[in-house]
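For reference, the structure discussed in these notes is given below.
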Amino acid sequence: MAYPDTSALAQPLKRAIARQVVALFNDASRGEAPVARRADGLFGPRAVAWRVHGDVASMMVGGIASLLLQMLHPAVLAGVWDHSNFRADMHGRLRRTARFIAMTTYGAKPDAEALMARIRRIHDQVRGTLPDGTPYEANDPRLLAWVHVTETTCFLDAWIRYAEPRMTPADQDRYFAETARIGEALGAGPVPRSRAEARALIQAMRPELLCDARTREVARLVLTRPPASRFPEALHSLTMQAGIDLLPDWARHMHKLPPPPRGLVRAGTFGVARTLRWAFA
Numbered sequence: 044m045a046y047p048d049t050s051a052l053a054q055p056l057k058r059a060i061a062r063q064v065v066a067l068f069n070d071a072s073r074g075e076a077p078v079a080r081r082a083d084g085l086f087g088p089r090a091v092a093w094r095v096h097g098d099v100a101s102m103m104v105g106g107i108a109s110l111l112l113q114m115l116h117p118a119v120l121a122g123v124w125d126h127s128n129f130r131a132d133m134h135g136r137l138r139r140t141a142r143f144i145a146m147t148t149y150g151a152k153p154d155a156e157a158l159m160a161r162i163r164r165i166h167d168q169v170r171g172t173l174p175d176g177t178p179y180e181a182n183d184p185r186l187l188a189w190v191h192v193t194e195t196t197c198f199l200d201a202w203i204r205y206a207e208p209r210m211t212p213a214d215q216d217r218y219f220a221e222t223a224r225i226g227e228a229l230g231a232g233p234v235p236r237s238r239a240e241a242r243a244l245i246q247a248m249r250p251e252l253l254c255d256a257r258t259r260e261v262a263r264l265v266l267t268r269p270p271a272s273r274f275p276e277a278l279h280s281l282t283m284q285a286g287i288d289l290l291p292d293w294a295r296h297m298h299k300l301p302p303p304p305r306g307l308v309r310a311g312t313f314g315v316a317r318t319l320r321w322a323f324a
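In terms of my numbering, the sequence shown is residues 44 to 324.
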């Protein structure tokens, strides 16, 4: 028995899903469009970073987990608290972060380098004092290293969980070695170049972490903010829960976040990830 070819019927649905995702990460009012993949960028198509950073679902989950980790450092949190409008524009902040990752991973090398230089200039203006009187500066190499290692670790962990569970240790180390280039360009130090170095850096920073009223307020805004208009409520909630599920147990305990229903969250996220890959295939 011959079955009808349904590929043509699926195209409108694929285009509709792709349009919603593109609109989520690109501000049409600013004339933004998806970053075109350039073989002459910082990495190139054979880089591990190309495949890790190209998976929409795992990057969203990893992005939420990395935010929850980053804010546990009081000086990193203070830079956001004192110098941004995150309360009114949380989605815009997340969109700008996603665009930075896309540009530095896939964009032309001069554009990526110019963007990183601009971010460094912005960091030069971000400084202040913690509630306990301790001064902080956003261009402190150790603070930048904390932001870098939490992002890269969470992006890679989400990729392994939802896309490539059999990723080799060698490729994991390659990912950290590749993305070290971005961390160093932003002024971070020390920058891990392997999975072992990333684990060691996170462990070394743990004594400096805390969760106070400000941390809980920012975490609440991240986890309970209304979804973007094109982002279904159920999918938004699933992404938040998958981000919490990705956290190491010690970080989730610091936030006092209950463990999500692991089986449901992971099964649902697997389904979303497969759908998004299908839509962009």
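Glycine included, C-beta positions come from ideal geometry on N, C-alpha and C.
Comparing C-alpha positions only, which one of A118, R217 and A79 sits nearest to E251? A118
So is Q113 buried or exposed if we call it buried at 16+ other beta carbons inside 10 Å?
buried
N- and C-terminal bounds of the beta strand (DSSP E) containing E180 = Run containing E180: P178 to E180, per the beta strand (DSSP E) assignment.
| From what residue to what residue does the alpha helix (DSSP H) around Q170 run? | Residue identity check: residue 170 is Arg in the sequence provided, not Gln. Note, R170: premise wrong, no alpha helix (DSSP H); beta strand (DSSP E) at R170 to T172.
By DSSP, does M44 sit in helix, in strand, or in coil?
Interpretation of M44 is limited by its pLDDT of 46, a score under 50 that renders its predicted location unreliable; no figure is taken from the coordinates.
Exercise. Report yes if the CB atom of M248 is closer than 7 Å to the CB atom of W189, and no otherwise.
Key: yes
**Study point:** Three-state secondary structure assigned by DSSP to T49
**Key:** Its pLDDT being 49, under 50, T49 is placed unreliably by the model, and nothing is read from it.
Count the CB pairs spanning the stretch 136-144 and the stretch 199-217 that are closer than 8 Å, and state whether there are at least three. no
*asked:* Closest to L120 by C-alpha separation, out of A262, A79, I245 and Q63, would be which residue?
replied: A262
key: Between the CA atoms of M146 and D154 - distance to the nearest angstrom   = 7 Å
**Prompt:** Cβ atoms of G230 and R163: under 7 Å apart, would you say?
**Reply:** yes
In whole angstroms, give me the CA-to-CA distance for L186 and R309. Distance from the CA of L186 to the CA of R309, rounded to the nearest whole angstrom, comes to 31 Å.
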